[in-house]
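In what follows, a structure is listed as structure tokens, so that the remarks can point back to it.
There are 2 protein chains.
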Amino acid sequence: MTTKAERTTAYIIETVAPIFNKHGYVGTSMSDLTDATGLTKGAIYGNFENKEALALAAFEYNSTKLLMALDECLSGEPSALKQLGKLTGFYRHYDEFTDEMGGCPVLNVGVDANFNNRQLASAARETVRTIEGKIALVLENGVRNNEIKLPVPPLQFAKQLFTMIQGAVAMATISNDRKYLINTVAYLDVLISREISK
Amino acid sequence: MTTKAERTTAYIIETVAPIFNKHGYVGTSMSDLTDATGLTKGAIYGNFENKEALALAAFEYNSTKLLMALDECLSGEPSALKQLGKLTGFYRHYDEFTDEMGGCPVLNVGVDANFNNRQLASAARETVRTIEGKIALVLENGVRNNEIKLPVPPLQFAKQLFTMIQGAVAMATISNDRKYLINTVAYLDVLISREISK
DNA sequence: TTGAATATATACCACACAGTATATAGTTTT
DNA sequence: AAAACTATATACTGTGTGGTATATATTCAA
């Protein structure tokens, strides 16, 4: 069974994760966190060394959620084209998916931590690399199974795809308009069926 | 001639603009600003009502710099295709351009201010709309002069272009890798010459 | 060059910040 | 059920925060 502290730790992380994601590392104060959790600083500092460790755990929590959702979204589909369709479908409703975590963690933390927090910044970079790797894997399988043809190596194409997706995420976030997601995903669907599917 | 206060105001803004852009609104303290300017709080508060007004002026300063650079980049070219080439050329070295202001103001402020500062957030949105409008204008002229053909209305295509560009900017920022800019711009050049140029 | 107006510096305020030492409450283990 | 251990609450520290009232320079107009 899980110990009390483990449950408290988990509770703190999941409660705190959207707050850090929304307001950033410096923009989030310990009192924000005690307010949200209903716990005191004693409880929080008993479970986390300091604010930074907690922020890192919070990002990892959101990041893992995202990566797991992507895994689930890509698994179970035998064909690479179907997988890519699932991927674009996932990002078509990405705003809904990220709503409960307070926006896209990759974008928010990646930009926020850029000049402010080395650890968080490199954690965001790592998540980007992981996602690109997942997409590249799909593309590699597609090439191997003679399903698709690529003008560039799989990883580069994956980066290109993710750049467009993340651009839509950024624009939707900045402009508060989900049309960016919808239009970009529609474009990608056409791109995939016209340019790379055999 | 400009009054002393006007010069001081300008000096404060240009000194402070990259700091706000790098560290965000909450991440920038008044003492950061007194340190950087060599002035005291008395001087700063004599020229700006409060921190928020200063942050807003700082963003407007960076934003105007960007918009003016875009105007200069697009002006003087008679053909829409040449203008689009200039545009992609500009963003190929966007990291160098934004270096002195501490990164892309649209991305940094747009993301940072999202849940934290209404005024800054809507200022960033406004800048986005302005840039999209400029690109749309180029496209409209291209269509009118029978230079290009568009699958969707000019503004929508402009938004689509800018989404990809801003995606590259976001990815280059998060991953600290300018290849995203280079590859995306290369892709856009191909897209333009293959898909929309007659 | 002097007097009025303006611009900057100094010294301060109340409050919020991250973090901690210690007391108390709660949970396990025996 | 009691003892030993663990987890949370309380109360506090020193420092930094945005902001301001006022004194002192500095600039400008006559």
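Just so you know, the sequences run in chain order A and B.
Here my numbering is used: the first residue of the first sequence is 1, the next is one more, and so on.
Here my numbering is used: the first residue of the second sequence is 1001, the next is one more, and so on.
Even for Gly, the Cβ is constructed at its ideal location relative to N, Cα and C.
If we count the other Cβ atoms within 10 Å of its Cβ and call it buried at 16 or more, is residue i buried or exposed?
i: Val1016(B); result: buried
i: Arg92(A); result: buried
i: Pro18(A); result: buried
i: Pro78(A); result: exposed
i: Val111(A); result: buried
i: Arg1125(B); result: buried
i: Asn1050(B); result: exposed
i: Ser1063(B); result: buried
i: Ser31(A); result: exposed
i: Thr1173(B); result: buried
Residue i touches chain A at which residues, Cβ-Cβ below 7 Å?
i: Ser1175(B); result: Arg125 and Val128
Could you name the residues of chain B that residue i contacts, counting a contact when the two beta carbons are closer than 8 Å?
i: Val111(A); result: Leu1107, Asn1108, Val1111, Asp1112, Ala1170, Thr1173 and Ile1174
Per DSSP, which one or two residues make a beta bridge with residue i?
i: Ile1148(B); result: Ser1197(B)
Under 7 Å between beta-carbons, which chain B residues line up against residue i? List them in chain order, please.
i: Met101(A); result: Ordered by position in chain B, no residue passes the 7 Å Cβ test against Met101(A), which lies about 12 Å from the chain.
Cβ closer than 9 Å: which chain A residues qualify as neighbours of residue i?
i: Phe1090(B); result: Per Cβ cutoff of 9 Å: no residues; Phe1090(B) is ~17 Å from chain A at best.
i: Gly1167(B); result: Phe162, Thr163, Met164, Ile165, Gln166, Gly167, Ala168, Val169, Ala170, Met171 and Thr184
i: Asn1116(B); result: Lys22, His23, Gly24 and Gly27
At a CB-CB cut-off below 8 Å, which residues of chain A make contact with residue i?
i: Gln1156(B); result: Asn183
i: Phe1207(B); result: Look at the range of chain B in this structure, 1001 to 1198, and you will see that residue 1207(B) is not part of it.
Legend entry - Contact residues within the stretch 48 to 67 of chain A, judged by C-beta distance below 7 Å to chain B: none
Inset, instruction - Mind checking the stretch 8 to 41 of chain A against chain B and listing, in chain order, the residues whose C-beta falls within less than 7 Å of any C-beta there? - result: Lys22, His23, Gly24, Val26 and Gly27
Inset, instruction - Please name the residues in the stretch 1180 to 1192 of chain B whose beta-carbon is closer than 8 Å to at least one beta-carbon of chain A, in chain order. - result: Tyr1180, Asn1183, Thr1184 and Tyr1187
Inset, instruction - Determine, using beta-carbon pairs with one atom in the stretch 1039 to 1051 of chain B and one in the stretch 1115 to 1132 of chain B, whether at least three such pairs fall under 8 Å. - result: no
Legend entry - Validate contact between the stretch 23 to 30 of chain A and the stretch 1008 to 1026 of chain B using beta carbons, cut 8 Å, 3 pairs: yes
Inset, instruction - Give a yes or no on contact between the stretch 1162 to 1182 of chain B and the stretch 1101 to 1114 of chain B, applying the rule of three or more CB pairs nearer than 8 Å. - result: yes
Inset, instruction - Pair every Cβ in the stretch 1004 to 1016 of chain B with every Cβ in the stretch 1054 to 1064 of chain B, then say whether three or more of these pairs are closer than 8 Å. - result: yes
Inset, instruction - Specify whether the stretch 1184 to 1192 of chain B and the stretch 1157 to 1167 of chain B touch according to this definition: at least 3 beta carbon pairs, one from each stretch, less than 8 Å apart. - result: yes
Legend entry - Three CB pairs or more closer than 8 Å across the stretch 131 to 143 of chain A and the stretch 111 to 122 of chain A: no
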